[in-house]
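The structure under discussion appears below in the form of structure tokens.
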Amino acid sequence: KAGVTQTPRYLIKTRGQQVTLSCSPISGHRSVSWYQQTPGQGLQFLFEYFSETQRNKGNFPGRFSGRQFSNSRSEMNVSTLELGDSALYLCASSEGAPSTKQYFGPGTRLTVT
Amino acid sequence: DQQVKQNSPSLSVQEGRISILNCDYTNSMFDYFLWYKKYPAEGPTFLISISSIKDKNEDGRFTVFLNKSAKHLSLHIVPSQPGDSAVYFCAASTYSGAGSYQLTFGKGTKLSVIP
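Take a look at the structure:
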């Protein structure tokens, strides 16, 4: 099976703009989770989607949002970008329920200038 | 408040010797623990896991030990190989409701295996 894919791999945006990142999970996986990785904080959980529904959310401001489509592909959106949003954004998929083993994509490196 | 802590940001080990990576946690509700390995420019890859009802799990050169009373787990790599050089993340799982399990990660330990 193909692994988790994320597009784009690299992105440069300016403060105040918004950005949309995309994730395609492993075929058959219905759960998609998003994480933010920064050098000082490690991987921090953003949210999880299962069958087009957000079923878990981390402690991030409302500027961070996401959605999942019927084919399990997911997008996350960050509005009004801040310099501190510069990070590696990782998507992970799993079979769904209940499974703790997640398969990660390569990530999208977002730089906000 | 950091619930999963990896107190050593980096570790250097000679090839062929044992690498021991440590992880401490504070939340007694964690019921499953995982180790992930991450190379630069790649996403983390699953390495090994252990249920909270066990104290040891082995997979080839990798062994994870869990001490629930001390809220401590460790990953042993024997023998260490240069290809093991990567950042290792400890993660802990807890049930969040509605069929969702949330992973909480440590900040990672960068392992360097010296040939």
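Those protein sequences? They're chains A and B, same order as listed. So the first sequence is numbered by this note's numbering: it starts at 1 and just counts up by one. So the second sequence is numbered by this note's numbering: it starts at 1001 and just counts up by one. Even for Gly, the Cβ is constructed at its ideal location relative to N, Cα and C.
Residue i classed as buried or exposed, judged by whether at least 16 other C-beta atoms fall within 10 angstroms
i: A/Leu83; result: exposed
i: A/Phe47; result: buried
i: A/Tyr49; result: buried
i: A/Asp85; result: buried
i: B/Val1064; result: buried
i: A/Ala87; result: buried
i: A/Gly107; result: buried
i: A/Ser33; result: buried
i: A/Ser51; result: exposed
i: A/Pro25; result: buried
i: B/Lys1038; result: buried
i: B/Ile986; result: Because chain B in this structure spans residues 1001 to 1115, residue 986 of chain B falls outside the shown range and cannot be described.
i: A/Ser31; result: buried
i: B/Gly1043; result: buried
Straight-line Cα distance separating residue j from residue i
i: B/Gln1002; j: A/Lys57; result: 17 angstroms
i: B/Asn1027; j: B/Ser1093; result: 10 angstroms
i: A/Ser65; j: B/Gln1081; result: 41 angstroms
i: B/Phe1105; j: B/Ala1070; result: 18 angstroms
i: B/Lys1054; j: B/Asp1084; result: 25 angstroms
i: A/Gln41; j: B/Gly1108; result: 9 angstroms
i: A/Thr114; j: A/Gln54; result: Outside the shown range of chain A (1 to 113) lies residue 114 of chain A, about which nothing can therefore be said.
i: B/Asp1059; j: A/Thr113; result: 44 angstroms
i: B/Lys1005; j: B/Leu1111; result: 16 angstroms
i: B/Asn1067; j: B/Phe1030; result: 13 angstroms
i: A/Asn71; j: B/Ser1074; result: 38 angstroms
i: B/His981; j: B/Pro1009; result: Look at the range of chain B in this structure, 1001 to 1115, and you will see that residue 981 of chain B is not part of it.
i: B/Ile1048; j: A/Lys1; result: 21 angstroms
i: B/Tyr1095; j: B/Leu1103; result: 9 angstroms
i: B/Arg1061; j: B/Pro1079; result: 7 angstroms
i: A/Phe60; j: A/Asn77; result: 12 angstroms
i: A/Ser93; j: B/Pro1115; result: 35 angstroms
i: A/Arg109; j: B/Tyr1025; result: 29 angstroms
i: A/Val19; j: A/Leu43; result: 20 angstroms
i: B/Gly1016; j: B/Asn1022; result: 19 angstroms
i: A/Ser22; j: A/Gln68; result: 10 angstroms
i: A/Glu75; j: B/Gly1097; result: 23 angstroms
i: B/Ser1019; j: B/Asn1007; result: 15 angstroms
i: B/Ser1100; j: B/Leu1011; result: 34 angstroms
i: A/Gly3; j: A/Gln36; result: 19 angstroms
i: A/Gly62; j: A/Thr80; result: 11 angstroms
i: A/Arg73; j: B/Pro1040; result: 25 angstroms
i: A/Gln6; j: B/Thr1045; result: 15 angstroms
i: A/Thr111; j: B/Lys1056; result: 41 angstroms
Listed by chain order, chain A residues near residue i by CB distance under 9 angstroms
i: B/Ala1041; result: Arg9, Pro106, Gly107 and Arg109
Beta-bridge pairing of residue i - partner residues as DSSP gives them
i: A/Gln3; result: A quick correction: the sequence has Gly, not Gln, at residue 3 of chain A. The partner list for A/Gly3 (beta bridge, DSSP) is empty, contrary to what the question assumes.
i: A/Tyr103; result: A/Ser93
i: B/Leu1103; result: B/Ser1093
i: A/Gly59; result: The displayed chain sequence assigns Asn, not Gly, to residue 59 of chain A. Note: A/Asn59 sits in no beta bridge, so no partner.
i: A/Val32; result: A/Tyr49 and A/Ser93
Residue i: contacting residues in chain A (beta-carbon distance under 7 angstroms)
i: B/Gln1102; result: Phe45 and Asn56
i: B/Ala1098; result: Arg55
i: B/Phe1105; result: Gly42 and Leu43
i: B/Gly1108; result: Gly42
Under 8 angstroms from the C-beta of residue i: neighbouring residues of chain B
i: A/Ser101; result: Contrary to the premise, residue 101 of chain A reads as Lys rather than Ser in this sequence. Neighbours of A/Lys101 on chain B, chain order: Leu1034, Phe1046 and Ser1049.
i: A/Leu90; result: Gly1043 and Pro1044
Minimum Cβ-Cβ distance from residue i to chain D less than 8 angstroms
i: A/Gly42; result: Although the question refers to chain D, the structure presented lacks it and instead comprises the protein chains A and B.
Neighbouring residues, chain B, relative to residue i (Cβ below 9 angstroms)
i: A/Phe50; result: Ala1098, Gly1099 and Ser1100
Interface residues of chain A facing residue i [CB-CB closer than 8 angstroms]
i: B/Phe1062; result: Those do not exist, as B/Phe1062 stays about 15 angstroms from chain A at its closest Cβ, beyond 8 angstroms.
i: B/Phe1089; result: Gly42 and Leu43
(request) Assess, as a yes-or-no matter, whether the region 1033–1048 of chain B is touched by the region 1085–1092 of chain B under the definition of 3 or more beta carbon pairs within less than 8 angstroms. (result) yes
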